[in-house]
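Colleague: One structure follows; several queries about it will come next.
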Amino acid sequence: MKFFETSKYYTLKKSTYISLRWIGIIGQLVTSYLVYFYFNFEFNFLYANLVIFFGILSNMYLMFVYNKSQISDRSSLIFLIIDILQLSLLIYLTGGIVNPFIIFLLIPTVFASSNLGLRTNISLVLLTIIMIVFLTFYSEDLPKPLSNHFHVSEYYYYSIPIALIVALVFLNYFAIVFGAESRIRKEALNKMEEIMAKEHEMLSLGGQAAAAAHSLGTPLSTIKIITHELKNQLKGQKDVIQDIELLSSQVERCNQILKKLSLNPNEEDDFIDEDLSIKDYLKEIILSFKETSDKEFILNFDQNLNPIKIPKTIEIIYGLRNFIGNANKFSSKKIYINLKTNEELTKVIIEDDGDGFSSNILSKIGEPYLKNSDQNFKKKSGLGLGIFIGKTLLEKNFATISCKNSETRNGAEITIKWLNKDLYKI
């Protein structure tokens, strides 16, 4: 897992950060004024308000001077350091480590851990720990009259900073790990969306080509008829006849190019509009692999007892193709595809005669960017992106996917299962 990535990929949304800071500043103001005027506690009210005012100034700077919509990693570090120091100084004036609001000192680093780079987060964690240790030994007393009767054991007193530091480290560790995983998944999903957008674009292009062939067919036919008439009228003029024949041949060439570009529009339109069974999906996909692969595809449709036709969708085509392509890639010689259907279920089982899944990644199958620690598999394995995309696309279309090593063969076994009632929803 890559934590040390270029800092340009880590930013904070300025409007969100400013809103969070205003919430904190308003909370500080309300608390200090409530404690001083309503509860009549005695503390250095003037200095406390000067510290809060400094926080207001820094937020105003963000709003009106910092003119970018995203705050860079480096700038975020500076402003979060200001937040930590400002809050630490406020707590210093109001009791230090025994002030119950000391817990808010953890917020800036936890906030940064899921949004900013590791170096930035480590710097903030170290600064927070230093502030916690400092406030343990140096601070003003709690506001009076609390400080008059506040006495605790040294064991309890020193357990407060220890507990805060432990909580700080654990919270940041979990936030970093989950944040990194979230970024990886987001990147994989973006790639999947990019691939699907290209597939839709190709489908749209095919439709446009068919429409162009249909629309241009009439004017090209008219041109061809006119060339024939001119050829008959100008029989004696050889130079003109040669130009007319050339024009006629180019018109015919245009017709052939448009037909080829549209991939036979009459048949293609029927194929797009026609509902397909899972068997038809599999046949179309396997046919495309047979043109480029020298491996043997063994199909078993004997248990296809209740074929259901569904609208043709790019997601199902691409999802099935990814799993079959994976089996084709990692098999030795043969790929086995078994289709089973009954009144309740439709099931596709894809097996190969390869080495199967490595034991150390089997539990993680379906996650993107997997790393295989087994050296025997490492050279032959990929990043798991194909399986992730296939699994995501098929699950989006109500499928349930299970991945394991085959019990009857050496290779991997993928089971794709639908409830028939869900297939009708597609």
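Mind the numbering: the sequence shown is residues 2 to 427 in the working numbering, read in order.
Glycine included, each C-beta is placed from N, C-alpha and C at the ideal position.
For clarity, every value in this text was computed on a predicted model and none was experimentally measured.
1) Short check: CB of L128 to CB of D74, under 9 Å?
2) For the structure I just gave you, are there three or more beta carbon pairs, one from the segment 129–136 and one from the segment 34–48, closer than 8 Å?
3) Among the candidates D142, E230, K392 and T110, whose CA atom is the shortest distance from the CA of W419?
4) If you draw a straight line from the C-alpha of N329 to the C-alpha of T12, how long is it?
5) Compare the beta carbon distance of E344 and N421 with 9 Å and say whether it is the shorter of the two.
6) Going residue by residue through the segment 322–360, where are the continuous beta strand (DSSP E) segments of at least 3 residues, counting only ones entirely within it?
7) Quick one: which unbroken alpha helix (DSSP H) runs of 4-plus residues sit fully inside the segment 117–182? Chain order, please.
8) Just curious, the beta strand (DSSP E) that D303 is in, first and last residue?
9) Shortest alpha-carbon distance to S278 belongs to which of T416, D353 and I427?
10) Could you tell me if L169 is buried or exposed, where buried requires 16 or more neighbouring beta carbons within 10 angstroms of its beta carbon?
11) Does the Cβ-Cβ distance between L63 and F80 come in under 9 Å?
12) What separation, rounded to the nearest whole angstrom, lies between the Cα atoms of Y425 and I311?
13) Would you say L318 and I336 are within 9 Å of each other, going by their C-beta atoms?
14) Would you check if the distance between the CB atom of P146 and the CB atom of F42 is smaller than 9 Å?
15) Select from N256, K225 and G357 the residue whose C-alpha is nearest the C-alpha of C404.
16) Assuming Q71 is part of the beta strand (DSSP E), what are its boundary residues?
17) State buried or exposed for Y18, treating a residue as buried only when at least 16 other CB atoms are found within 10 Å of its CB.
18) So, are the CB atoms of I417 and K348 less than 9 Å apart?
19) Find the nearest neighbour of N339 within the set G320, L30 and K280, judged by alpha-carbon distance.
20) From this set, V111, L78, P144 and P109, which residue's C-alpha is nearest R120's C-alpha?
21) Decide if G237 is buried, meaning its Cβ has at least 16 other Cβ atoms within 10 Å, or exposed.
22) Should T110 go down as buried or exposed, given a rule of 16 or more other Cβ atoms within 10 Å for buried?
23) Is it a yes or a no for the segment 89–102 touching the segment 43–62, going by three-plus beta-carbon pairs under 8 Å?
24) Can you give me the Cβ contacts of T228 inside the same chain, cut-off strictly under 6 Å, excluding the 5 residues immediately before and after it?
25) Could you name the residues of the same chain whose beta carbon sits closer than 8 Å to that of I309, not counting the 5 residues immediately before and after it, in chain order?
Modeller: Put simply:
1) no
2) no
3) K392
4) 41 Å
5) yes
6) 335–342 and 346–353
7) 119–138
8) E297 to N305
9) I427
10) buried
11) yes
12) 7 Å
13) The sequence shown places Ile at residue 318, not Leu. No, they are not a contact pair.
14) yes
15) G357
16) Q71 to S73
17) buried
18) yes
19) K280
20) L78
21) exposed
22) buried
23) yes
24) I245, L248 and S249
25) S278, I279, T342, T347, N421, L424 and Y425
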